[in-house]
Every structure is written in structure tokens, then in C-alpha cells.
Amino acid sequence: MMLSWLCCMQAMTAQNASKDSTDVFFRHFDLGEVIVQGLTGQTKMKNAPAPISIITQRELNALSATNIVDAIATQPGVAQLTTGSGIAKPVIRGLGYNRIVTIGDGVRQEGQQWGDEHGIEIDGQDVHQVEILKGPASLMYGSDAMAGVLLMHGMPTLPEGETKAQVNAEYQTNNGLYAYSLWQGGHLKSWTWGVRFSDKGAHAYKNKDDGYVPNSQFSERAVSANLGQVGSWGHSQLKLSYYQLTPSIVEGERDAATGRLEFDGDDVKTYGHGLPYQKVGHYKAVWDNALRLPKGSLKAIVGYQQNQRKEFEESNDEYGLYLRLHTATYDLRYETDEWQGWKLTAGIGGMWQRSENKGDEYLIPAYRLLDAGVFATMSKQISRWTLSGGLRYDHRTLHSYELYDDGDLRFNDFHRQFAGLTGSMGAVLNLTERTNIRLNLARGFRAPNLSELGANGEHEGTGRYEVGDNGLKAEYSWQADLGIDYASDLLTAQIALFANRISNFIYLARDAQQPGRYYRFTQGDARLLGFEAGFDVHPIHSLHLGSTFSMVDARQLNQPRSTRYLPFTPAPRWTADVKYELTHDGQVLNNAFVAIGMECHLRQNHYYEEGGTETATPSYTLLNASAGTDILVNKRKVAELYLIGENLTNRAYLSHLSRLKYLGDRGVSNMGRNITMKLVIPITL
1386 MMLSWLCCMQ AMTAQNASKD STDVFFRHFD LGEVIVQGLT GQTKMKNAPA
1436 PISIITQREL NALSATNIVD AIATQPGVAQ LTTGSGIAKP VIRGLGYNRI
1486 VTIGDGVRQE GQQWGDEHGI EIDGQDVHQV EILKGPASLM YGSDAMAGVL
1536 LMHGMPTLPE GETKAQVNAE YQTNNGLYAY SLWQGGHLKS WTWGVRFSDK
1586 GAHAYKNKDD GYVPNSQFSE RAVSANLGQV GSWGHSQLKL SYYQLTPSIV
1636 EGERDAATGR LEFDGDDVKT YGHGLPYQKV GHYKAVWDNA LRLPKGSLKA
1686 IVGYQQNQRK EFEESNDEYG LYLRLHTATY DLRYETDEWQ GWKLTAGIGG
1736 MWQRSENKGD EYLIPAYRLL DAGVFATMSK QISRWTLSGG LRYDHRTLHS
1786 YELYDDGDLR FNDFHRQFAG LTGSMGAVLN LTERTNIRLN LARGFRAPNL
1836 SELGANGEHE GTGRYEVGDN GLKAEYSWQA DLGIDYASDL LTAQIALFAN
1886 RISNFIYLAR DAQQPGRYYR FTQGDARLLG FEAGFDVHPI HSLHLGSTFS
1936 MVDARQLNQP RSTRYLPFTP APRWTADVKY ELTHDGQVLN NAFVAIGMEC
1986 HLRQNHYYEE GGTETATPSY TLLNASAGTD ILVNKRKVAE LYLIGENLTN
2036 RAYLSHLSRL KYLGDRGVSN MGRNITMKLV IPITL
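Each residue of the sequence shown is one higher than the one before, starting from 1386 at the first, in our numbering.
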């Protein structure tokens, strides 16, 4: 897919994000005007000491993706762990799973994210803007935010007196993916409201090596509604949503004579699910409040989520595994106005969880969890310097319930408590009006999840038997970031370096002493080094040339070659893009552009080889192209139209972070050539 360059240099304010843009991939904005929300409350991006990327709605519209994680994985330093085309998990600077917190509708998304084939239960059509925080620099989110935070922002509040609607439609040629979304919202007499319905489906995808990949189809449906009130006093809003995902599970079995993937059905291009498959339902209610006070603001947000995950193996009517997770979250914080360069934010936050086993197959024990944290952050502007820092204390209590299966003890009853003191301190020097230097040092903390502590069962979606260890310790990290960025009318450039040292790093490795695919959770000390760099130059007004490079080297300390490198570490990635703007201020076609891009993933020789856990992955290069335009009638925009081509040479390749790489004798390749057509119709009522 077409890759935009470092989005730190491409962001817009929340107000500007809703406006038309003459650029999609390469843009320069005044960083002083960009407002981010994930560091110490709302702050200007120019003064943020830690790396932040922002993807606007316009950029999301111009990307081809099968889910929201697929879209954000285009950013330098961000990758995705995939299970076919329907399920993806984010990876930031080599770290994923419960080391990344995803915020949707203002609360942390909780949906059994410990699992390889468990994606993020968020409707991508309902995401207006994505804010990506890299590293443990976000003191707002406590345990699990060790690698970073993804903030999924919804549609912004419309101006007083406006009522609007929007229709989105999409089709992809490779897997027949269709998607559409209908939204309508308004702001009348201080009342705000919005409703959305989204639907998506895809049949099996295909590639050059395997043809169509049986049982790689999926379907997705979501509905949401919000109602609130806005005034000079602040705001109060209630949002209700439901998300459903039904992905089939690729097993990768091949015919011994032909080597072709086996298929039991009649139509490999069916949109209906096959066997085995999952059915995931996610319910969420969020009450978001803000009260304007004389010298600051008080914000309170509470949420309830219920995640239901069922796996069907032999029958369409009888599930085997059924996990039901209840989560209640709360966050209360006070944020001062800026006073003589000082700004303070303090608050408390936490969650309560209860997980139940409702099926007759088991992977993790039922459990309850109680989490609480308190934090304070402060920033100060002194001349050309912005100094910031803060502290947070978290405490988590976790209890696992005993379970007997056919008279045998399957899960132990155990109780664990974890506590962590974390913090960060950073500085930004505005060296010149065009050059900034950023430095940040942060302490991260993560408590083990229940899969790591208590798993004991075969994970159908992975083909592995997994065993946890309830004696695992909490992870702690120290990460240092150094960044330099430059912006002028001709050139924008940035480089961000990081070093991360993690104690008690937890990972899953194959036990070669056991028959079959038997895996155990274990831990050791690790260090990660890497950087992201990129530039955008436009020698003439309409021509943009851009390139990025990102890499991470992730190792265990004091280990032999077979266990030296951390599992699922992304390969180094180089991208290059050329974009030409065809029109500005056109009468019918406006903001039209054409672009071509190259995405090169280098060979990954750094892999965890003990027990055959991983293998090396060859390099591959993908060629992409895109075009887009606004369509005007009587000088008013009536539509946005995009045409996006991915993997135009139909290259057969295996991503190092694809779980399908390890199915069968030779794995299953990623998607081949794919052409995406998108239509966005804005309606003002």
C-alpha cells in the first residue's frame, strides 16, 4: 500500500482535520498548531519530547486496508502481527500484545488481546484520526503501555447548528472485500448526536503461490450511537456501540500429492464462514464528561465493555471455546490552564475485570482483576526549552480460579499482586524556528497477563498447545529517545533513535522436548535498539519525493545464538514514494494526485530459532500506486474518489510477522495483487 512519510510532519489540529487537504501523503504543517492528547493532557506537538505520529481521516481514506491496524502499520516504527487478511495486532518498535494500550472512545480497549489471533474490536470506519505514541512515555495509561499507545479518535463535534451525513463505500479485487458505512450527526441547541452503521465482508484472498487460500474469509459489522450536550461549562456524552467479527481460521493443510491447499467446501470464494471459525462480539458503553473550572478543567470518563469470543471447530452450532470478559474502567483527572509556562495534570484511573469460561474447551483460567493507578505530570516552558515529566504508581491484584476437567486439575487457584512505580522526564529544544531536538527518558511497567500466568490448552487459532507459569515476574523497562526534526518550505526531515532495556521480558517459545507444537511462557532480560528516519522534499510545488527507513534490533541478554533474538521482531523496512499533484482549485476535479511507491522489507536473520520457534524470512519488495481526487459540483465537494493498487507485480512473499508463515510444511503466503476503489460522499443537511 502507499506509505506516507513520518506523520509527525503530516499532522493537523482537530479543527483542521475535518477540512479538505490538498495533500494526502506529503504535507508540511506548523507543528506548533498540532494538538496531541496522549502525553500530559492536551499539548502542542511541537513541545512533545517523545515520538508521536498522527494519521488523519483524509490519510486513512487514501489507504487500502482490511482493518484499522492494517492502515496504521504503514507508519515508520509500526508493524502488524497478522492472521490472514482479517485479523491484525499492532507492533510498535518490536513490541506487541499486552505491551500496547489501545484507546477507543476514550477508554482502553479490552478484548482478550493476549491472543495471537485476537485483533482489535474497533470499527475502522468510525475512526476519524489515530494518534500513535511510541515508547513508555504516556503516564496516563499505566500497566501495559510499555511499548506505546494507540488513540483512536472518533468523529469530532460539529459546529453549532450543523447537521451532516457521510457515506463511505469500498471494494477490493483480491478478496472481493466490500465495505460501506453510513453516518449522520448533528449539533443543535447545545445537543450533539451521531449514529453509524458499518458492514464489511470478504471471501478468501489469493496469492501467486497458493491461489485462493481456503477459509481466509471474514465478515465484520458494527453499529454505534452517541448523545451529548456541549456548552461553555464543558461537555457530557454517552456512546453505545456493538462490534461483531466472524473470521474463519486458516489451517494450511495441503494435499500430499499436489501440494495444493486442501479445501472441504464447494466454493472457495464464499462470503460465509467455514470451519473452524471464530465469532467475536464486543459491547461497549462510555460516559465522557468534562467540566470547565476557573483555572483548569476536570475530566471524568467511565466505561463498561463485554467481550464474547467463541470458537467453532467441528460444528456451526456448537462452540468449543467460549470466553466472556467483563471490563469496567474509570479515569478522573484535573488539568490546569497554562500559567507562566507551567502546566499540571493529575488524576486516578483503573479497571475491574472478570473473565469467564463458558464453553467445554479451555485455554486460560477464569479470573478476576482489580487495577488502580495515580499519576501527576508537569511541564514548563523556559525560553526555547520545554521541560516535562511525571510519576505514576500502579497496583494490580489478580485471582485465578481452579478448574477440574474430566476429573483432572486443569487450572490452579492462585493469587498474585503486582505494583509498579513509573515515570518520565523529557526536554524539547526549539533550536531554531525550523529545527527541534527532543530527548526523553521513561520507565515502563507491565504485569503478566492470564495467558502468560495460567494458560494450559490447545490454542485452535494457532495450532499450539500453550502452558503458562504463575510464578512469572512483572516486566520493567528503561527507554531513552533522542529525536531531531527539521522543517522548511522545501524539505522536512526527521530522525528518532531509541534504546530500550527490559527486565523479566516474557515470551512464548517452543519446547522441543515435548511432542507436537508445545509452547511455554518464559522470561529473561532484553534490550532493543533502533531508529526511524525520513524526509520529504518537493523541488517544485506539485512534486513530492519522500523516503523512510525504520529498524529494530531486539535481543535477549547473555544468550546463545539459538535464543538470542526476541520472537516476532519486524524486519528493517525501507519505503520510497513519489507523488505529483495534478490540480489545485479545479472546477470539477480538485486536489487530484497520482503517486507511486515502493515498500522494501529486508531479510530478517534475527529470529528465535530454539525448538523451531521461528525461521529466517527472505527479503521482498512491493510496488504500489494510487490516485485520488475530490469531485466538485458548483464549487462544492460532493465526493472523494480513490484508486489504490498494492503489490502490483503480484509478488509471492511471507511476512516475518504473519502467523500463517508457520502453517504446514511451508506456510501460506500473504495477499497478492490487490486493487482498491473507495468512494466518500459527504452530505450537509
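Virtual Cβ for every residue (Gly too), placed ideally from N, Cα, C.
| Check | Outcome |
| --- | --- |
| Assuming Q1557 and W1568 make a contact with CB atoms under 8 Å, what is their CB distance in whole Å? | Not a contact, Cβ separation roughly 21 Å. |
| To the nearest angstrom, how far is the alpha carbon of Y1565 from that of Q1510? | 8 Å |
| Do G1462 and S1935 have their C-beta atoms within less than 7 Å of each other? | yes |
| Distance check for V1813 and L1776, CA to CA, integer angstroms please. | 19 Å |
| Under a three-way DSSP split, which group does N2055 fall into? | coil |
| Do you know how far the Cα of R1753 is from the Cα of R1412? | Low local confidence applies: a pLDDT of 38 at R1412 is under 50, so the model's placement there is unreliable, and no value is given. |
| Counting along the chain, where does the beta strand (DSSP E) carrying D1716 start and finish? | L1706 to T1721 |
| What is the DSSP secondary structure of G1469, reduced to helix, strand or coil? | coil |
| When the Cα of A2108 is compared with those of M1983, C1985, Y1950 and L2026, which residue comes out closest? | Coverage of the chain is limited to positions 1386 through 2070, which leaves residue 2108 absent and any answer about it impossible. |
| Name the residue from R1823, D1854 and T1817 whose alpha carbon lies nearest to the alpha carbon of P1833. | D1854 |
| DSSP three-state label for D1866, please. | strand |
| Who are the Cβ neighbours of G1808 in its own chain at under 8 Å, not counting the five residues just before and after it? | L1524, G1774, G1775, L1776, R1777, A1827 and R1828 |
| Name, in chain order, the residues that DSSP records as bridge partners for K2063. | E1555 and Y2027 |
| Quick check on DSSP: helix, strand or coil for T1948? | helix |
| Could you give the distance in angstroms between the alpha-carbon of G1758 and the alpha-carbon of A1530? | 13 Å |
| Can at least three beta-carbon pairs, one atom from the segment 2002 to 2011 and one from the segment 2026 to 2039, be found at a separation below 8 Å? | yes |
| Given this structure, state the Cα-to-Cα distance separating V2053 from F1890, to the nearest angstrom. | 29 Å |
| How should N1975 be labelled, buried or exposed, when 16 other C-beta atoms within 10 angstroms of its C-beta is the threshold for buried? | buried |
| Report the option in I1485, L1816 and G1546 whose CA atom is closest to the CA atom of L2070. | G1546 |
| Please go through the segment 1452 to 1496 and give each complete alpha helix (DSSP H) segment of 4 or more residues, from N-terminal end onward. | 1453 to 1457 |
| Would you report the Cα separation of D1938 and P1952, rounded to the nearest angstrom? | 11 Å |
| Applying the 10 Å Cβ sphere with the 16-neighbour rule, what's the burial state of G1901? | exposed |
| What is the rounded straight-line gap between the Cα of N1701 and the Cα of T1655? | 15 Å |
| W1770 to D1870, Cα distance in whole Å? | 15 Å |
| Leaving aside the five residues before and after E1746 along the sequence, list all residues of the same chain whose C-beta is less than 6 Å from its C-beta, in chain order. | G1705 and L1706 |
| Using the rule of at least 16 other Cβ atoms within 10 Å of the residue's Cβ for burial, across every protein chain shown, is I1925 buried or exposed? | exposed |
| Since E1966 is in the alpha helix (DSSP H), which residue starts that stretch and which ends it? | From DSSP, E1966 is part of no alpha helix (DSSP H) but of the beta strand (DSSP E) over R1958 to E1966. |
| Can you give the Cα-Cα distance for L1893 and S1785, rounded to whole angstroms? | 20 Å |
| If you drop the 5 nearest sequence neighbours on each side, which residues of the same chain put their C-beta closer than 7 Å to that of D1595? | L1646, V2053 and S2054 |
| Let me know if H1370 comes out buried or exposed under the rule of 16 or more other beta-carbons within 10 Å of its beta-carbon. | Not covered by the structure: residue 1370. The range shown for the chain is 1386 to 2070. |
| Return the bridge partner residues of H1969 from the DSSP annotation. | H1969 pairs with nothing; no bridge assigned. |
| Write down every uninterrupted run of the beta strand (DSSP E) in the segment 1766 to 1800 whose length is 3 residues or greater and which is fully enclosed by it, in chain order. | 1770 to 1785, 1788 to 1790 and 1793 to 1796 |
| Have a look at G1417 and F1916 and give me their C-alpha separation to the nearest angstrom. | With a pLDDT of 48 at G1417, under the threshold of 50, the modelled position of that residue is not reliable, and the figure given next carries that caveat. Cα to Cα, the separation comes out at about 24 Å. |
| Do T2061 and I2029 come within 7 Å of each other at the CB atom, strictly closer than that value? | yes |
| Could you spell out where the beta strand (DSSP E) holding R1940 opens and where it closes? | L1928 to Q1941 |
| My guess is that A1670 and Y1689 are in contact by the Cβ rule of under 8 Å, so how many angstroms apart are they, rounded? | 5 Å |
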